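S.K.: For what it's worth, this note's numbering labels the leading residue of the sequence shown as 130, then goes sequentially.
Let me give you the structure first, and then I'll get to my questions.
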Amino acid sequence: MSQSGPNPQSGPNPQSGPNPHPERLYYGDAYVTRFEATVTSVAVASDGRSATVVLDRTAFYPESGGQPDDRGRLGPWPVVRVTEDEASGQVLHTLAPAAASDAGAQTGPGPGAAGLSGFPAAGALVAGEVDAARRRDHRQQHAGQHLLSAAFEKLFDASTIGFHLGEEVVTIDLDRPSLSPDEVRRVEDLSNAAVLEDRPIVAHWMTWEEVSRLPLRKPPTRREGIRVVEVRDFDWSPCGGTHPARTGEIGMVKIIGVDKVRGNVRVAFLCGDRALRDYRLKDDVVRGLAATLSASPAAVSEAVRRLAEQAQQSGKELLEARAALIEYEADALWREAAAAGASGANGSGADGRRVVVRRFDGRPMAEVKLLAARLAARPQTVAVLATAGDGQAQVALARSTDLDTLDLRPILKELLPVIGGRGGGSPNAVQGGGPNTAGLDELLRRAQAMVG
Ligand SMILES: [Zn+2]
130 MSQSGPNPQS
140 GPNPQSGPNP
150 HPERLYYGDA
160 YVTRFEATVT
170 SVAVASDGRS
180 ATVVLDRTAF
190 YPESGGQPDD
200 RGRLGPWPVV
210 RVTEDEASGQ
220 VLHTLAPAAA
230 SDAGAQTGPG
240 PGAAGLSGFP
250 AAGALVAGEV
260 DAARRRDHRQ
270 QHAGQHLLSA
280 AFEKLFDAST
290 IGFHLGEEVV
300 TIDLDRPSLS
310 PDEVRRVEDL
320 SNAAVLEDRP
330 IVAHWMTWEE
340 VSRLPLRKPP
350 TRREGIRVVE
360 VRDFDWSPCG
370 GTHPARTGEI
380 GMVKIIGVDK
390 VRGNVRVAFL
400 CGDRALRDYR
410 LKDDVVRGLA
420 ATLSASPAAV
430 SEAVRRLAEQ
440 AQQSGKELLE
450 ARAALIEYEA
460 DALWREAAAA
470 GASGANGSGA
480 DGRRVVVRRF
490 DGRPMAEVKL
500 LAARLAARPQ
510 TVAVLATAGD
520 GQAQVALARS
530 TDLDTLDLRP
540 ILKELLPVIG
550 GRGGGSPNAV
560 QGGGPNTAGL
570 DELLRRAQAM
580 VG
């Protein structure tokens, strides 16, 4: 909030015609950030935590026309919101309580600005200070919007049907269904050319008759006291917002996104300081990627595309290798089960059935299930495989299709209480899990007896 008074480079905004609202200081000069005013009314909220104040004059811009409100201070009180009362035409300043350290300090020009409520009293003289950085940002974004909308109109006869100046991004909606990258570049070029030409931006107060003779980009919304903003030899548009005195202050105009919204195109863009911050961020990202990839910034896109391709190929190869390994493991377990049959551990039942019971702690369940399925792909085989990790016991049972009289679902149902678990599946493959890892060995012993 260091800037005050007219901009030393630009001077106040040029304008013509009598301003019917001289009490709105920003209409006459969008660079005024310090002013003095008399409080004409105060309404303190019922909870006493805020107050709505009207002044006899103000430099605070109220939220309207897609442009956000100004912020700042009125004496020691932070101005947290500024709105316009449509009916009365008054600018309403919402104040927050003064900080304890500020409350005693007399920043207003008159004595005793604070009333009994802790907010200014009616009749008090107060010093206003508009957040100059925020105002400057709004001047840049808002005037940049004039240039972009005019450029879209000139080049593609596309009308702007919406405008939003957000905290991060500014958008306009256009009455067309799509926008090509080449069209985006042409609009950027024309807008930035208008910036470099440093054209004056002039506010005119006009009558309906005067306005009707102008090549306006959009019709005015009121019939008298119309404010028309002219970007010299570039654009005429009815507007009550705050603009720089010349287009040079807008700085770079950059479109950063084009989206389809309800059949129209929404164009996101940044101007001036916002565009510079965005460029810095993206430059950092690209440089970081370029260093990591040992590529030039221009080659980063291609390098990342190749990297993604390689990752996809490697992933595919890894899956194939893992499948081959699982197959090999299944084969070894199956042979072992046959050999161990005589000893009574994992082994073959009386009817030649092979039963493989194993516990693989810490192994991913997806792999355990795959191993069970590969075992069950062999004839006359039942696999009971388990894993424990992260306080979770999990079990997968699978059997060969030729053991079609064996339904694994009731077996699982009987086993799961041992690990306090839940599960399900089909007659030939089931799985379940529960928190009681200490019961997992018991579960496997019972399973062995039930499917053997
Ligand atoms: Zn404007």
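Ideal placement from N, C-alpha and C gives every residue a C-beta, glycine not left out.
These numbers come from a predicted model, not from an experiment.
Identify every run of the beta strand (DSSP E) within the segment 321-401, keeping only runs that are complete inside it and at least 3 residues long; order them along the chain.
M.R.: 330-335, 355-360, 364-367, 382-390, 393-400
S.K.: Run through the segment 140-223 for me and flag every whole alpha helix (DSSP H) of 4 or more residues, listed as ranges in chain order.
M.R.: 154-157
S.K.: Thinking C-alpha only, which one of L545, V360, P564 is nearest R575?
M.R.: L545
S.K.: Please confirm whether any heavy atom of ligand 1 lies closer than 7 Å to the CB of C368.
M.R.: yes
S.K.: Between R346 and W334, how many whole angstroms is the CB-CB distance? I'm expecting something under 8 Å.
M.R.: About 18 Å separates the two Cβ atoms, so there is no contact after all.
S.K.: Just tell me which of K383, T162, L224, R503 has its CA closest to the CA of V183.
M.R.: L224
S.K.: Flag V360 as yes when its Cβ comes closer than 7 Å to any non-hydrogen atom of ligand 1, and as no otherwise.
M.R.: no
S.K.: Who are the Cβ neighbours of S273 in its own chain at under 6 Å, not counting the five residues just before and after it?
M.R.: A small fix is needed here, since residue 273 is Gly in this sequence, not Ser. Closer than 6 Å at the Cβ level, and outside the excluded window around G273, lie I379, V382, C400.
S.K.: Would you kindly work out how many angstroms separate the C-alpha atoms of A522 and Q442, rounded to a whole number?
M.R.: 34 Å
S.K.: Pop quiz: L277 and F398 are said to be a contact at Cβ under 8 Å. What is the actual Cβ separation, rounded to whole angstroms?
M.R.: Right, the Cβ-Cβ distance comes to about 6 Å (below 8 Å), so this counts as a contact.
S.K.: Indicate the three-state DSSP secondary structure (helix, strand or coil) for L294 in the structure shown.
M.R.: strand
S.K.: Quick one: give me the first and last residue of the alpha helix (DSSP H) that G273 is part of.
M.R.: Counting along the chain, the unbroken alpha helix (DSSP H) around G273 starts and ends at 261-285.
S.K.: May I ask whether a heavy atom of ligand 1 can be found less than 7 Å away from the beta carbon of H275?
M.R.: Yes, Cβ of H275 sits closer than 7 Å to a heavy atom of ligand 1.
S.K.: First and last residue of the alpha helix (DSSP H) that includes A225?
M.R.: Per DSSP, A225 belongs to no alpha helix (DSSP H) and is neither H nor E.
S.K.: Contact defined as beta carbons within less than 8 Å: I believe Q560 pairs with A525. What is the distance between those atoms, to the nearest angstrom?
M.R.: 4 Å
S.K.: Could you tell me if T289 is buried or exposed, where buried requires 16 or more neighbouring beta carbons within 10 angstroms of its beta carbon?
M.R.: buried
S.K.: I need the boundaries of the beta strand (DSSP E) containing Q560, first residue and last residue.
M.R.: 558-563
S.K.: Which whole-angstrom value describes the C-beta separation of V485 and W463, a residue pair presumed to lie in contact below a C-beta threshold of 8 Å?
M.R.: 7 Å
S.K.: Assuming P556 and L537 make a contact with CB atoms under 8 Å, what is their CB distance in whole Å?
M.R.: 6 Å
S.K.: Could you name each continuous beta strand (DSSP E) segment of 3 residues or more that falls completely within the segment 512-550, going from the start of the chain to the end?
M.R.: 521-528
S.K.: Is there contact here, the segment 245-265 with the segment 202-211, by at least three beta-carbon pairs under 8 Å?
M.R.: The segment 245-265 vs the segment 202-211: in contact.
S.K.: Hey, is the segment 291-300 in contact with the segment 339-357, meaning 3+ C-beta pairs nearer than 8 Å?
M.R.: Of all C-beta pairs linking the segment 291-300 to the segment 339-357, fewer than three are shorter than 8 Å, placing the two stretches out of contact.
S.K.: Around the Cβ of P349, are there at least 16 other Cβ atoms within 10 angstroms (buried) or fewer (exposed)?
M.R.: Burial check for P349: the Cβ neighbour count within 10 Å reaches 16 or more, so the residue is buried.
S.K.: Tell me which same chain residues have a C-beta within less than 8 Å of the C-beta of I540, skipping the five on either side of it?
M.R.: L526, V559, A576, M579, V580
S.K.: How should R435 be labelled, buried or exposed, when 16 other C-beta atoms within 10 angstroms of its C-beta is the threshold for buried?
M.R.: Exposure of R435 is indicated by the presence of fewer than 16 other C-beta atoms within 10 angstroms of its C-beta.
S.K.: By alpha-carbon positions, which one of L303, R328, G444 ends up nearest to N393?
M.R.: L303
S.K.: For H150, which option in R328, E438, R356 has the closest C-alpha, if you only look at C-alpha atoms?
M.R.: R356
S.K.: Which residues in the same chain have their Cβ closer than 7 Å to the Cβ of V259, if we skip the five residues on either side of it in sequence?
M.R.: T162, A188, F189, D199, G201
S.K.: Just to check, is the beta-carbon of H271 closer than 7 Å to a non-hydrogen atom of ligand 1?
M.R.: yes
S.K.: From D570, R265, E165, H275, pick the residue whose C-alpha is nearest to that of C368; which is it?
M.R.: H275
S.K.: Starting from T492, follow the alpha helix (DSSP H) in both directions and report where the run begins and ends.
M.R.: The sequence shown places Arg at residue 492, rather than the Thr named in the question. R492 -> no alpha helix (DSSP H), and no H or E assigned at all.
S.K.: Contact check, R328 vs R352 under 8 Å by CB: the rounded distance?
M.R.: With a Cβ gap of about 28 Å, R328 and R352 do not count as contacting.
S.K.: Can at least three beta-carbon pairs, one atom from the segment 417-429 and one from the segment 319-327, be found at a separation below 8 Å?
M.R.: no
S.K.: Since R315 and L284 should fall inside the 8 Å C-beta cutoff, what is the C-beta to C-beta distance between them, to a whole number of angstroms?
M.R.: About 6 Å separates the beta carbons of R315 and L284, which is inside the 8 Å limit, making them a contact pair.
S.K.: Taking the continuous beta strand (DSSP E) assigned at L303, which residues delimit it?
M.R.: 299-303
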